[in-house]
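A quick write-up on the structure given underneath.
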Amino acid sequence: MPYQACETRYESMLYRRCGKSGIKLSAVSLGFWHNFGGNDIFENNRAMVRRAFDLGITHFDLANNYGPPAGSAEETFGRILKADFKSYRDEMLISTKAGWGMWSGPYGDFGSRKYLMASLDQSLKRMGLNYVDIFYHHRPDPETPLEETMGALDSIVRSGKALYVGISSYDAESTREAARLLKAMGTPCLIHQPQYNMFNRWIEGDLQKALTDTGMGCIPFSPLAQGLLTDRYLHGIPKDSRASKSPFLTPTQVESSLNKVRALNAIAEKRGQKLSQLAIAWILRLKEVTSVLIGASSPSQIEDGVKALENLHISKEELEAIDLILKG
Ligand SMILES: NC(=O)c1ccc[n+]([C@@H]2O[C@H](COP(=O)([O-])OP(=O)(O)OC[C@H]3O[C@@H](n4cnc5c(N)ncnc54)[C@H](OP(=O)(O)O)[C@@H]3O)[C@@H](O)[C@H]2O)c1
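Each residue of the sequence shown is one higher than the one before, counting from -6 in the numbering used here.
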């Protein structure tokens, strides 16, 4: 059956402005870091993207190295775009990145012009696209001059291969410097992608202020702490979960967070929400945040995430109770 997007998809989703730009993002976006690789089930991937789009999610986030194997998530997404989304391209905001190790030798890692330009060409081929909407530098590079990395981002926009650029995991000082360099070249930095969730609050304070001052949007990744901030691990570690399958989340991390997770889950239940929904609402309380970038392994997890938008208000008392648990 050819895919026909749900006609009411824009009615309940919230769209938030990305910094001082002309772009709005769906308050929940979908990322492809896990579960979209070469060994994952294509029909499940296809169902997730369809469900996300039907719920009003317009933003899909990839990177050159997502898989495994690296590159395969972009290939999967390319297949889905070709099969279902050809006529919807202009309704989608697609991002990719380069900055982590992608191929052997000195030109497949970090932040050189050589790496970024070649990597984006490869990404476009894998996804079957002429351009991406956002191209990110995926992580700070301590050795390459920031002028070179930002110069490459500017050239990429001028070449038409990306409409906007972003940075990921840059600290407050390098964020300000990146913004200054890009602005001087006439290519504003659209967005910052940092990790942010109840268990990792590093952006609060300096980076938040840098985002406001530079007019950049913000899209936190791993908002559910890779699944810890959900009900996924309340009764053990399921065989099909990230903590069973991926090196990025270990059973030890699950064990050591459980007491806090149970206490946070009780607050969510009192609100009539799931913990995943409270975790998303808690992030969206920050005015600097444009969208929350979730990952998922099934369409129902995406439905859960989007349902968070039905109750975004968190009282002062609830915020204090959450702080107390997190400090404990
Ligand atoms: N810029 C960067 O350096 C960087 C780094 C990491 C990620 N990212 C981006 O951020 C995206 C999201 O990261 P993430 O996948 O770590 O995000 P996350 O939302 O914190 O974790 C996603 C995982 O949580 C579980 N989950 C999600 N919804 C659930 C629900 N309703 N109930 C129970 N479990 C649920 C699923 O785990 P199971 O698979 O176990 O079901 C899912 O795979 C990535 O895809 C990527 O686009 C960027």
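Each residue gets a CB set at the ideal place from its N, CA and C atoms; glycine is no exception.
Here P292 has A40, M41, R44 as same chain residues with Cβ atoms under 7 Å from its own Cβ, once five neighbours each way along the sequence are excluded. For A155, the uninterrupted beta strand (DSSP E) segment begins and ends at 155 to 161. Fewer than three Cβ pairs drawn from the stretch 263 to 277 and the stretch 241 to 252 lie within less than 8 Å of each other, which leaves the two stretches out of contact.
Residue pairing by DSSP places H185 opposite I160, C211 in a beta bridge.
The C-beta separation of A145 from T168 comes to about 17 Å, leaving the pair out of contact by the 8 Å criterion.
The C-alpha of V299 lies about 31 Å from the C-alpha of K118.
Scanning its chain for C-beta atoms nearer than 7 Å, with the 5 sequence neighbours on each side dropped, one finds around V282 the residues C211, P213, I276, in chain order.
Collapsing the DSSP output to three states places T283 in coil. With contacts defined by Cβ atoms closer than 9 Å, L183 and M143 do not form a contacting pair. Excluding residues up to 5 positions away in sequence, N57, M95 lie with their Cβ nearer than 8 Å to the Cβ of A63 in the same chain. D54: member of the beta strand (DSSP E) spanning 52 to 54, first to last residue. In this structure the stretch 151 to 159 lies against the stretch 117 to 136, because at least three pairs of beta carbons, one per stretch, are closer than 8 Å.
Spatial neighbours of M85 in its own chain (CB-CB distance under 7 Å, excluding positions within 5 residues in sequence) are listed in chain order as T51, F53, F78. Contact between the stretch 302 to 310 and the stretch 30 to 40 is not established, with fewer than three Cβ pairs separated by less than 8 Å. Its Cα nearest to that of N38, the residue G71 stands out among R10, G71, Y8.
Pairing G153 with Y124 gives a Cβ-Cβ distance under 9 Å. Selection D224, S19, Y163 evaluated against W195 yields Y163 as nearest (Cα-Cα).
Each of E166, S97, T180, T223 was checked against the Cα of R151, and the nearest Cα belongs to T180.
Scanning the stretch 83 to 158 from its first residue to its last, the whole alpha helix (DSSP H) runs of 4-plus residues come out as 106 to 120, 139 to 152.
Along the stretch 221 to 297, the beta strand (DSSP E) occurs as fully enclosed runs of 3 or more residues at 285 to 287, listed in sequence order.
Contact check for D224 against N193 fails: the beta carbons are separated by 9 Å or more. For S19, the enclosing beta strand (DSSP E) stretches over residues 17 to 19.
Per DSSP, the continuous beta strand (DSSP E) segment holding R10 begins and ends at 8 to 10.
In the displayed model, G30 falls within coil according to three-state DSSP, outside both helix and strand. With fewer than 16 other CB atoms across the displayed protein chains lying within 10 angstroms of its CB, I34 is exposed. In terms of side-chain proximity, the C-beta atom of P292 is found no nearer than 8 Å to any non-hydrogen atom of ligand 1. Taken through DSSP and simplified to helix, strand or coil, G24 comes out as strand. Under the three-state reduction of DSSP, N37 is assigned to helix. Scanning L122, M110, G104, S116 for the CA closest to the CA of D134 turns up G104. In this model, G15 and I149 are separated by some 19 Å (Cα to Cα).
Using a Cβ distance threshold of 9 Å, L23 and L286 count as a contacting pair. D102 and A111 have their C-alpha atoms spaced approximately 11 Å apart.
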